[in-house]
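As structure tokens, the structure follows; a few thoughts come after it.
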Amino acid sequence: MTKLMFYFIVIGLAVSSQIYSQCEVLNPNIAGTYTGNCKKGLAHGKGIAKGIDTYEGQFMKGVTHGSGIYIWANGDKYNGEWKKGLQSGFGEFISATSSKDSKKGIWKNGQFIKAQQHEKLYEVENTVNIKSVACRKIAEGDRIYIRFKNPTGNGSGISNLKMVGSGGFEVTELSNAGFESANFPFSVDLSFYAPSVLSKIGYEVKCKIKIYEPGTWEVVVNY
Numbered sequence: 166m167t168k169l170m171f172y173f174i175v176i177g178l179a180v181s182s183q184i185y186s187q188c189e190v191l192n193p194n195i196a197g198t199y200t201g202n203c204k205k206g207l208a209h210g211k212g213i214a215k216g217i218d219t220y221e222g223q224f225m226k227g228v229t230h231g232s233g234i235y236i237w238a239n240g241d242k243y244n245g246e247w248k249k250g251l252q253s254g255f256g257e258f259i260s261a262t263s264s265k266d267s268k269k270g271i272w273k274n275g276q277f278i279k280a281q282q283h284e285k286l287y288e289v290e291n292t293v294n295i296k297s298v299a300c301r302k303i304a305e306g307d308r309i310y311i312r313f314k315n316p317t318g319n320g321s322g323i324s325n326l327k328m329v330g331s332g333g334f335e336v337t338e339l340s341n342a343g344f345e346s347a348n349f350p351f352s353v354d355l356s357f358y359a360p361s362v363l364s365k366i367g368y369e370v371k372c373k374i375k376i377y378e379p380g381t382w383e384v385v386v387n388y
């Protein structure tokens with residue numbers, strides 16, 4: 166290695182060290198050392214901050230914002246979403262001393278709002294000729310109501326309706342399709358043929374719906 170190359174490496178390390186030292190974390194309990202992305206002198210982007218406590222995740226304008234893991238000095242841990250320095254969104258708090266104090270669900274402004282086992286209440290997958298699927302919890306219970314809609318009406322004219330659910334009792338009448346006594350998390354594979362002026366049998370419509378939270382749900386399939 167030439168002396169000139171060594172000189173540039175040393176200068177680069179010095180500049181890098183200076184940049185990191187000037188990158189400020191505004192959460193007081195993790196404002197010790199910081200390694201990560203910066204913007205205008207503040208932690209911004211992905212980084213690791215260590216002080217009394219430790220945080221690894223996303224920052225914005227110097228504070229925890231986005232997704233990240235925060236570990237307190239006593240061993241308690243929070244893994245989830247942050248907003249402007251506080252727990253906000255879906256996340257899990259794990260107590261180091263008592264499982265009874267652990268919480269998983271929705272947070273807002275640093276406060277636990279409600280228990281929820283999954284980040285999303287429902288998911289829609291494997292769609293074919295689907296415009297949208299809307300799922301709405303309308304009451305407590307264990308019933309799934311499935312409605313079919315198209316731009317011209319309420320889904321009349323569909324044929325070969327097939328519903329393969331993960332549990333419960335299937336109701337296949339078009340006007341009252343769905344499942345009773347559903348077990349959660351619940352999933353259903355839907356398929357049917359919609360009328361088409363180009364084909365006698367119509368065109369195939371398919372999707373898979375997963376619902377995580379127990380209740381009575383209304384599902385509207387727009388095709």
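Its first residue numbered 166, the sequence shown is counted upward by one per residue in the numbering used here. Yeah, the Cβ is synthetic: ideal placement off N, Cα and C, and Gly gets one too. Fair warning: this is a prediction, and the values are worked out from it, not measured in the lab.
Rounded Cβ spacing between residue i and residue j (contact assumed at less than 8 Å)
i              : j            : result
threonine 381  : glycine 332  : 15 Å between Cβ atoms; not a contact.
threonine 229  : glycine 222  : 7 Å
isoleucine 295 : tyrosine 388 : 6 Å
asparagine 291 : lysine 371   : 7 Å
alanine 280    : lysine 265   : Rounded, the Cβ-Cβ distance is 13 Å, inconsistent with contact.
Own chain residues within Cβ distance below 6 Å of residue i, not counting five before or after
i              : result
valine 353     : Met328, Gly330, Ile374
glycine 254    : Glu246
isoleucine 311 : Ala342, Gly343, Val384
glycine 322    : Pro360
arginine 301   : Glu383
Neighbour-count burial assignment, residue i, 16 or more Cβ in a 10 Å radius
i              : result
glycine 210    : exposed
glutamate 369  : exposed
valine 384     : buried
glycine 275    : exposed
glutamine 261  : Looking at the sequence shown, residue 261 is not glutamine but alanine. Exposed.
glycine 233    : buried
glutamine 282  : exposed
glycine 256    : buried
leucine 355    : buried
arginine 308   : buried
isoleucine 271 : buried
Same chain only: Cβ atoms within 8 Å of residue i, ignoring 5 sequence neighbours per side
i              : result
threonine 219  : Ile195, Ile213, Tyr235, Ile236
serine 361     : Gly367, Tyr368
glycine 206    : Gln187, Cys188, Glu189
asparagine 348 : Asp307, Ser331, Gly332, Gly333
According to DSSP, residues forming a beta bridge with residue i
i              : result
asparagine 192 : Beta-bridge pairing links asparagine 192 to no other residue.
glutamate 369  : Tyr358
lysine 375     : Glu288, Ser352
tyrosine 199   : Ala214
lysine 279     : Ile271
lysine 204     : Leu207
Own chain, CB closer than 7 Å to residue i, minus 5 neighbours either side, in chain order
i              : result
asparagine 325 : Phe357, Tyr358
glycine 216    : Asn194, Ile195, Ala196, Gly197
Within-8 Å CB hit, residue i to chain D
i             : result
glutamate 345 : Chain labels in this structure do not include chain D; a single protein chain is all it has.
Every unbroken beta strand (DSSP E) within the segment 291–365, with a cutoff of 3 residues, ordered by chain: 297–304, 309–314, 324–330, 334–336, 343–345, 351–361
Within the segment 209–256, ranges of the beta strand (DSSP E) (whole runs, at least 3 residues): Entirely contained in the segment 209–256, the beta strand (DSSP E) runs reaching 3 residues are, in chain order, 219–225, 228–236, 242–248.
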